[in-house]
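See below for the structure under consideration.
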Amino acid sequence: MDKWATGIFTSIDEGLGAGLDSVKELGVSTVHLHAPGSELRSKEKTAEIKEQFAESEIEISVVFVGFPDDDYSTTDVVKQTVGLVPKDRREQRLAETLDISGFAYGLGVDAIGMHLGFVPQDPTDPDFSAVVEVTRKVCDRCLEFGQHFHLETGQETASELLTFIDAVDRKNIAVNFDPANMILYGAGEPLEALDLVGRHVRSVHCKDAAKKRQAGQPWYEDAPLGEGDVDIRAFLLKLHDLGYEGPLTIEREYSPNQVGDIKKALQLLEDLRKEIRG
Ligand code: MG
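For what it's worth, numbering that gives the first Met the number 0 labels the leading residue of the sequence shown as 0, then goes sequentially.
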């Protein structure tokens, strides 16, 4: 895999071919993959998916865990529904996360990632320890499969994230750094955050967001890469300084022109890569 290979975040839930066809059309060689539902994670289906990606010469660098009942409509609802934090769904979701780790292993992928949810900020809160415990269980399973467990940024400040990572105390815990999420969740300046957690970063989302919301614009809506308030050039320069050489994976979620935006983002990253790395 080339250093700083450009990739996209994709899914295959709408049928095995659908996600792959659009990835091929965009000409990228690496992706982050949303884990599909359990019906596509059987041994046979996993082998089929692996085969299709291999034939297309597309590498999956991280499999992302999500749940059908994750709800991002407001940040309060996120607190109640997203990740491994909501108590009422924790055990069942832990089981599903462990299953997805196995699915990723079947694909030959050495990392899974997820939004853990809003971890309690106070380390003396008993639920902080409970979330640390469940995260250790995920890390330990991942370790058996030779995988890292990547925490998606944004639902906490960088220093809270560091406190949590230290508490989990597992060598295979890592960070998927998403600069736009820092803005969307109001969790701090993205580049300052990257300074703090940089040593843990094993994957990134190249995603942008505007601080200023338009009237009626949902809180979670991102912006075309380079048009929001993440300084993408400075972001890449910092990644370069950190020695980060993994893929630059574009995430463009809410757009009437998703493919057009991704094409522009690919070009922007290509130009910056040439400028910064020669
Ligand atoms: Mg992201």
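By construction, the Cβ of each residue, glycine as well, lies at the ideal position given by its N, Cα and C atoms.
Here the structure is a predicted model, which means the values were calculated and not measured.
Quick check: is any heavy atom of the ligand ZN less than 7 Å from the C-beta of residue i?
i	result
aspartate 177	The ligand ZN is absent from the structure shown, which contains only the ligand MG.
List the residues that DSSP assigns as beta-bridge partners of residue i.
i	result
serine 324	Only positions 0 to 277 of the chain appear in this structure, which leaves residue 324 out of reach.
histidine 147	Ala110
glutamate 58	Thr29
threonine 134	According to DSSP, threonine 134 bridges with nothing at all.
glycine 185	None; glycine 185 has no bridge partner.
threonine 123	Answer is none; threonine 123 lacks a bridge partner.
glycine 6	Thr29 and Thr248
aspartate 207	Ala222
Quick check on residue i: does DSSP put it in helix, strand or coil?
i	result
serine 37	helix
alanine 222	strand
leucine 247	strand
isoleucine 11	coil
valine 64	strand
threonine 73	coil
threonine 156	coil
aspartate 230	coil
aspartate 1	coil
aspartate 340	One cannot answer for residue 340 here, as it falls past the ends of the chain, which runs 0 to 277.
leucine 115	coil
valine 84	coil
tyrosine 253	coil
lysine 49	helix
alanine 214	coil
Taking the alpha carbon of residue i as the reference point, which residue from the options has its own alpha carbon closest?
i	options	result
lysine 2	Gln120, Lys263, Asp260 and Arg201	Arg201
glutamate 250	Phe8, Gly197 and Leu265	Phe8
alanine 209	Arg198, Leu238, Ile231 and Ala179	Ala179
leucine 241	Arg89, Arg198, Asp230 and Phe102	Arg198
glycine 65	Thr156, Ile182, Phe117 and Ile99	Ile99
valine 133	Glu191, Gly259, Pro67 and Leu97	Leu97
valine 50	Gly107, Asp75 and Cys138	In the sequence as displayed, the identity of residue 50 is glutamate instead of valine. The shortest Cα separation from glutamate 50 among Gly107, Asp75 and Cys138 belongs to Gly107.
serine 254	Asp194, Tyr184, Glu244 and Pro217	Pro217
asparagine 171	Asp177, Pro119 and Phe148	Phe148
valine 118	Ala4, Gly18 and Leu161	Leu161
For this session: Check whether the segment 56-76 touches the segment 32-42, taking contact to mean three or more Cβ pairs, one atom from each stretch, closer than 8 Å.
Result: Three or more beta-carbon pairs separated by less than 8 Å link the segment 56-76 to the segment 32-42, which places the two stretches in contact.
For this session: Please confirm if the segment 81-91 is in contact with the segment 38-54, defined as three or more CB-CB distances below 8 Å between the two stretches.
Result: Verdict: no, contact absent.
Problem set entry | At least 3 beta-carbon pairs within less than 8 Å: the segment 217-231 vs the segment 193-208 | Short answer: they touch.
Exercise. How about the segment 104-119 and the segment 140-147: do they share at least three Cβ pairs that are nearer than 8 Å?
Worked result: A contact exists between the segment 104-119 and the segment 140-147.
Problem set entry | Touch test, the segment 123-137 against the segment 152-168, Cβ-Cβ under 8 Å, three pairs minimum | Three or more beta-carbon pairs drawn from the segment 123-137 and the segment 152-168 are found closer than 8 Å, and the two stretches are therefore classed as touching.
Exercise. Any chance the segment 184-191 sits against the segment 228-242, with 3 or more Cβ pairs inside 8 Å?
Worked result: The segment 228-242 and the segment 184-191 touch, with three or more beta-carbon pairs separated by less than 8 Å.
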